[in-house]
Structure formats: C-alpha cells, structure tokens
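**Student:** According to the numbering used here, the residues represented by the sequence shown are 11 to 216, in order.
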Amino acid sequence: MLAKAYRIETERLIIRCYQPEDAALLKASIDESLVHLLPWMTWAKNEPETVQAKIERLRQYRGQFDLGLDYTFGIFSKDEKKLIGSTGLLTRLDGNAREIGYWINANCVQQGYATETVKALIKVGFEIEELDRIEIRIIPENTASQRVPQKLGFLYEGTLKNRTTNTEGELRDMMIWTMFKSDYLKKNYSDFYCKAFNIVGEQIEK
C-alpha cells in the first residue's frame, strides 16, 4: 500500500520524505555525529561518504517512497536548514505493520527530538496509514534509545539472541518493543500537535 503522508509537522520539527537536494545537509549531520553513531548504526562504518554518494542514496530513498517499497524520512528543524536526524516507517515486518527506526544528530541529543519524532510517526502510522502494529528494535546496550519506547508506552516483548551484528561483524542481541493499534486507541494524543501532508502538499484530514 502506498504511503499517504509525505510530510509531517510537529511543534519543533519537519519530518518529511528526503529529496536529493538534502544531500549536503545529510552529509554534514552524519559527519559531525559519526563517533556518536558508530556503536549503534552498522551503516556508519561506510562513512564518511561524498555528497554525490548521498545524492544517489537520497534518490533511492525517494524512489522507494514513491513505489511503496520503504519509507525513510529526514528529521529537520522547523526552517529546514538543519538535519536533526533520520527516521522511517520501515517495511521490514510481516503483515500490516511497520518498524520505526531513528538516529539523532550528536549535537541534538537529550532534547526530546527522538520522542517527538516517534510520537508523530505513531500517530500518523495508526491514524493515517492505518497500521495494525508498530515495532521498535533496539540494541540492549543502547539505554538512551530504549527510553523512547518506554516513555511512549510500547510493550517490551523480549530480546532476540544474536540477531544482528555490530560494525565489526560481531553478533549482538536485539530488543523488541511493540505497540498495537488497540493499545494506541487507549492513549490520548489530542494535545499533541501533528499535521500530515500528502505528496502534493495537501493536509491529510484524519
């Protein structure tokens, strides 16, 4: 099913589908965060990349988005002059479900941006994309990242042994945090400012 939401606005953030012209912002954000990202993001071992490599990567992200294959978003400041991080409603799961992944620029951590981003994707995922389940998968050692699903009321379902690898190729465990639509409907997001817009910039009414 093709995604309805291409752009999401919250109180402090613009969360939107990447465009190739975002390449320089993406490179700058990753380059200044590389030490911060390397312990958790296996793709970081291939950094730094050139701006041209980032352009090609963002062309792929946009193509996947338009074709309904995967949904990666940039997390931007409200004026869209800084890339705060990256996230997505990723199509790695079976059934009518998505996985939320995220990373935040090293200079922007501990400011609630990850929580604000994930909360927006939860609201859009269940109310607009009509998902049945959302998961977040986290390395057990990444205690800072775990605080996001804990704070937002995800269910910790367990830890899978030796299900992924680090940047050195060594096996490591993976925690599974889940929220079902039935659980979301019990929550009150009415005071959370979040607007979603479609591919042509029209606001999506829930």
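Glycine residues also receive a C-beta, built at the ideal position from the N, C-alpha and C atoms.
Since the model is a prediction, treat every value here as computed from it, not as a measurement.
Among residues of its own chain, excluding the 5 on either side of Gly168, which ones have a beta-carbon nearer than 8 angstroms to its beta-carbon?
**Tutor:** Only Met185, Ile186 meet the Cβ criterion.
**Student:** I'd like to know if the stretch 99–119 and the stretch 41–48 are in contact, where contact means that at least 3 CB-CB pairs between them fall below 8 angstroms.
**Tutor:** yes
**Student:** Quick one: Cα of Ser39 to Cα of Asp183, how far?
**Tutor:** 27 angstroms
**Student:** Taking only runs of the beta strand (DSSP E) that begin and end inside the stretch 99–175, which ones reach a length of at least 3 residues, in chain order?
**Tutor:** 107–114, 143–148, 165–175
**Student:** Alpha carbon to alpha carbon, what distance is there between Arg102 and Ile55?
**Tutor:** Contrary to the premise, residue 55 reads as Lys rather than Ile in this sequence. Distance between the alpha carbons of Lys55 and Arg102: 22 angstroms.
**Student:** Quick one: measure Cβ to Cβ for Leu12 and Gly78, integer angstroms, because I've assumed they're closer than 8 angstroms.
**Tutor:** 4 angstroms
**Student:** Could you pull the DSSP bridge partners for Lys205 from this structure?
**Tutor:** Glu19
**Student:** Between Glu215, Gln70, Gln121, which lies nearest to Asp32 when the distance is taken from Cα to Cα?
**Tutor:** Gln70
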